[in-house]
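The structure appears right after this line, and notes come after that.
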Amino acid sequence: MSVIGSSSIRTDSNARIRGEECYAIDYCEPGMLHGAILRSPVAAGSITRLDVAAARRMPGVRAVATASDAPEVLAGWVLLDTPLFARGQVRYAGEPVAAVAADTIEQARAALDAIVLEIAVTPAVVDLRTARSSGSPLVHPDWRTYLSPAGLDFQRDGNIASQLLSVQGDVDGAFAGASLVVADEFESGRQYQGYLEPKSAVGIWRDGRYQVHTGHQYPFNVRDRIAQFLQVSPSSVRVICHAAGGGFGGRLDYGLEPYAVLLSRLAQGRPVKIVNSRTEDIETSGSRDNSLITIRSALDAAGNIVARELLVDLDNGAYTGEMALMPSVSLLIAAGAYRVGAARVTCRLLYTNTPPTGAFRGVSGVAMYTAVERHMDHIASELGEDRRGFRLRHLFRSGDALLNGQVLDDADILRAGFEAMEKTAPWAAVSGRTKPYRGIGIAAAVWITNATPASVTIKLNEDGTVGVLTGASDIGTGAFTMGVTQIVAEVLGIRPEDVRLSQPDTDVASYDIGSQGSRTTRMVGGAAQNAALEVRSRILHTAGQLLQAQPEELELVGGRVRKAGDTGPGIALSDVALANTWGDGPIIGTGRYADKPVAYNPECAKGLVFSTFPTPTYHVHLAEVEVDPVTGNVRVVRYVVVQEVGRMINPAGVVGQIQGGVSQGIGFTLYESLRLEQGQVVEKTLEAYRLPLALDLPDVEIVIMEHPSADGPHGAKGVAEPPIVLVPAVIGNAIADAIGKAINKTPITPEDVLAALREAQA
């Protein structure tokens, strides 16, 4: 029986439920020390004194590290602009200045208190408007000297860490001849990933190599950053992953790992464990970037969009990480799901003296779709046109192209999405309700499946189970423990629970870009399928000899090999494995998977780094909200998702991802405020940072559209990111519908709602 399309349980469920799983934060070593990091208390300044002598003499202290204990280099994933410790200058509140390892965590913290740190405060660039203004202080006066390790070519200038410009068609002419021009500005805040397990690392200096135990989405990135910071070869660093309690993009860049291994070396090889407090984690997690987006559209006399112009400013924080890629994503979705005619798009990543930002589920998409879809509502209102009908008139069709020139061959799925939504929530019925302070919002999106290649190795064990080795990791999503295991089990005719997954180890696994961008099931699953097919071929060859049959006459069923159509027992996979162990050698297969290159126009933009939207998927969301005019509180009373998924490998897993993504989106839209005041994070605890509760969330109605991809494992496409990208847009539109006034910011607080109500009633 096929396991593809069945909701098999996660193979790690029992261990996690019983508390038997070893998470990174659980890992310990004999003789282990405890580390702590001294961080800058100010957003910008010059270090005038850093004296660690007293700290070195404190009881139990075994090592103290500052910038003088590490090579004087800058590191980075996309741009070399980040020091391990502040050297001379501090550029954000929370920047590491020194680190201590001691016998106990209490001793380490006491030693931090003994360090004398004096900083001459300098003017700080604390917001995007300051960063982009003429005459603003430069966060990095030496920005011209920074290099890209990947050889990427993107424009930089002063506080602009990355810039992209795209002009297509006669934009100025279209605006000059327009019958109507509609303009908006949108502001979006930061969002903390809010995973259960704070970041941790155990570092070990042993036999001339650095070894680190951590929970991470992209272990090879950790390896490479340690190698950069400490000026050693990547093979001198070993990263061993353990189970991670969530990620959502927050574990894609390095965290505590370089500090742990450096302290271990300074402590003569004793292991050092560092664990973030929740406050440290919130302040330094690499949260979703805040943004300012200005958008205007030109319309002709018939109400058709003939041109669009956008200025997108994203907050990089003080250092770049992976953020230089994000302006490219913003360009790719600048039109949303619609035909907009001529277009001019400027996307900028700006340095500020604030904690560095980073990846969060639906990178760049949440803010961009919020701007695009709320703007679509504004245009429809100005035209006096039905919001749904206006969208349908401009909706992409198959054969239309994104702003990068990439042709969408299957964009008609969008219209099918609107039709599916109409069956579940008929627009005339839901939008025709007249209850006061109740509103409806609708929005549509195109989203990506990260197409970075993957590699997987599979071996047949002597007991008939199989082991799977890859450089990607499962961060709690179930993409491995449901999706990949089912793909392998399907090929080999075994139970998913007989597929054994190993945590990534950079010494033995092949390079992988990790669990990100909704890529795991498609890309890693595709590689696993190919590896399993190689294993299957060897199994059938050996079994054919044992059963005196040709390989093509055999089938794999229930962990055994038998002649097709034969009801006899055949031969167990364990017997095949043993026969090979003493015959041709163990059965091992290695598979790789890469999507075909996507055609696009390389001249579409200056500074384009992330060039295409591989394996696009299509989505429509609808929300119904009620607003309390006395308190300003917003309650989401209905939420409907129509999501295109390719083919579902595990339906329960797909539904779980959609429910989780919508929940995170509701949190960001209505509750989660990560404010900055003079460069300082205001909400430093989970008591202050308001994550949504179960009572805040509606039952999400989910309609799945299966349109299998022509390639990939069983036609699978990315699932995890699309559910979040439309949530602030659709709820924001519903709130505007309820109160008669748009609120062009995220999150939307009760205070914002009350202010908008007063303005609407004035």
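In this note's numbering, the protein residues as written are 51 to 812.
Each residue gets a CB set at the ideal place from its N, CA and C atoms; glycine is no exception.
Using a Cβ-Cβ distance cut-off of 8 Å, the segment 135-147 and the segment 88-106 are in contact, since at least three pairs of beta carbons, one from each stretch, lie closer than that value. Collapsing the DSSP output to three states places Asp-678 in coil. Taking the Cα positions, Arg-182 is about 29 Å away from Lys-791. For Val-282 and Gly-620, the gap between their C-alpha atoms comes out near 54 Å. Leaving aside the five residues that flank Thr-404 on each side, the residues in its chain whose CB is nearer than 6 Å to its CB run, in chain order, Tyr-142, Gly-367, Leu-726, Gly-729. Listed in chain order, the beta strand (DSSP E) runs fully inside the segment 218-302 are 230-238, 250-256, 259-264, 287-291, counting runs of at least 3 residues. For Glu-168, the secondary structure class from DSSP, reduced to helix, strand or coil, is strand. Partner residues in the beta bridge of Trp-497, as assigned by DSSP, are Thr-667.
Contact check for Ile-290 against Ala-310 fails: the beta carbons are separated by 7 Å or more. In the three-state reduction of the DSSP assignment, Ile-544 falls in the coil class, being assigned neither a helical nor a strand state. Per DSSP, Gly-517 is one residue of the beta strand (DSSP E) stretching across 516-520. Pairwise C-beta distances place the segment 549-569 out of contact with the segment 622-637, as fewer than three of them are shorter than 8 Å. The Cβ neighbour count for Arg-68, taken over all protein chains shown within 10 Å, is under 16; the residue is labelled exposed. Taking each of Arg-275, Thr-617, Asp-119 in turn and checking the Cα distance to Leu-312, the smallest one comes out for Asp-119. Around the beta carbon of Thr-681, fewer than 16 other beta carbons lie within 10 angstroms, which makes this residue exposed. Between the C-alpha atoms of Arg-315 and Tyr-260 there is a straight-line separation of about 8 Å. Note on geometry: alpha-carbon atoms of Glu-737 and Leu-745 lie some 17 Å from one another.
The beta carbon of Gly-576 sits closer than 6 Å to the beta carbons of Tyr-643, Gly-762, Pro-763 from its chain, once the five residues preceding and following it are set aside; these are given in chain order.
Under the 8 Å Cβ criterion, the segment 228-236 counts as touching the segment 332-345, having at least three qualifying pairs. At least 7 Å separates the beta-carbon of Thr-665 from that of Glu-694. Taking Ala-151 as reference, the option from Pro-199, Arg-320, Ala-294 with the minimal CA-CA separation is Arg-320. Distances from the CA of Arg-159 to each of His-84, Pro-187, Leu-188, Glu-168 were compared; the closest alpha carbon is that of His-84. Taken through DSSP and simplified to helix, strand or coil, Ile-699 comes out as coil. Within the DSSP secondary-structure output, Asp-363 pairs in a beta bridge with Leu-342, Arg-398. Per DSSP, the unbroken beta strand (DSSP E) holding Gly-639 starts and ends at 638-643.
Under the 10 Å beta carbon count, Asp-363 is surrounded by 16 or more other beta carbons and is classified as buried. Residue range 95-101 is occupied by the beta strand (DSSP E) that includes Gly-95, with no alpha helix (DSSP H) assigned at that position.
Comparing C-alpha distances from His-669 to each of Val-675, Val-534, Tyr-721, Pro-773 shows the shortest one belongs to Pro-773.
Under the criterion of beta carbons closer than 8 Å, Gly-253 and Ser-337 do not qualify as touching, at roughly 25 Å.
Here the C-alpha atom of Tyr-196 lies approximately 7 Å from the C-alpha atom of Leu-129. In the same chain as Asn-683, and ignoring 5 residues on each side of it, the C-beta atoms closer than 7 Å to its own belong to Pro-800, in chain order. The residues Ser-52, Val-53, Ile-54, in chain order, have a CB closer than 7 Å to that of Glu-540 in the same chain once the five nearest residues on each side in sequence are set aside. Taking each of Ala-788, Ala-673, Leu-458 in turn and checking the Cα distance to Ile-752, the smallest one comes out for Ala-673. Pro-121 carries a coil assignment under DSSP once its states are collapsed to helix, strand and coil.
Taking the CA atoms as reference points, Glu-359 sits about 29 Å from Gly-299. Beta-bridge analysis with DSSP links Tyr-689 to Ala-673, Val-750.
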